[in-house]
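Just below is one structure, and these are the notes that go with it.
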Amino acid sequence: PHDYIHDGTAIYERSFAIIRAEADLSRFSNAEADVAIRMIHACGQVEAAKHFVFSSHFVAAARAALAAGAPIFCDAQMVSHGVTRARLPAGNEVICTLGDPQTSDIAKRIGNTRSAAAIDLWGERMAG
């Protein structure tokens, strides 16, 4: 038999413990470190932290926006599917317009990728 963790919750907790142990989070505030840890968990690369930059008050503003029900915009279906809806504070809508029927035509018109075109469809829904 293989010796590995079988419990999903234990795997989740262990992955975050590994990130905290291996990533250099020393330049972040506690709130920023929490976000950085989630970003590292999403990409699986502790060395990515050296590329993270947070503007002042970003974490507080993002949390306030989510608490107020702001939608989450994603430029890829994989990212959209990776959002844990149960953790969202206000049943926030997760929006990915990559599959919108207009996306391919917009991409051709602007001479760019479907992901870039999908962002154009966010339009006025992306307030602030």
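For the sequence shown, the positions run 22 to 149 when my numbering is used. Where is the CB? At the ideal position from N, CA and C, for every residue including glycine. Note that the coordinates shown come from a computational prediction; the quantities given were computed from them, not determined experimentally.
Alpha carbon of residue i to alpha carbon of residue j, nearest angstrom
i, j, result
"residue 145", "residue 53", "28 Å"
"residue 58", "residue 41", "7 Å"
"residue 46", "residue 126", "43 Å"
"residue 89", "residue 109", "11 Å"
"residue 62", "residue 87", "20 Å"
"residue 103", "residue 69", "19 Å"
"residue 112", "residue 56", "19 Å"
"residue 128", "residue 115", "22 Å"
Reduced DSSP category for residue i - H, G, I as helix; E, B as strand; rest coil
i, result
"residue 94", "strand"
"residue 26", "coil"
"residue 115", "strand"
"residue 136", "helix"
"residue 65", "coil"
"residue 144", "helix"
"residue 72", "helix"
"residue 37", "helix"
"residue 55", "helix"
"residue 106", "helix"
"residue 48", "coil"
Contact belief for residue i with residue j at Cβ below 8 Å, rounded distance in angstroms
i, j, result
"residue 94", "residue 143", "5 Å"
"residue 31", "residue 67", "Going by Cβ atoms, the distance from residue 31 to residue 67 rounds to 20 Å, so no, they are not a contact pair."
"residue 139", "residue 131", "With 8 Å as the limit, residue 139 and residue 131 do not qualify as a contact, their Cβ atoms being about 11 Å apart."
"residue 152", "residue 119", "Since the first and last residues shown for the chain are 22 and 149, residue 152 lies out of range."
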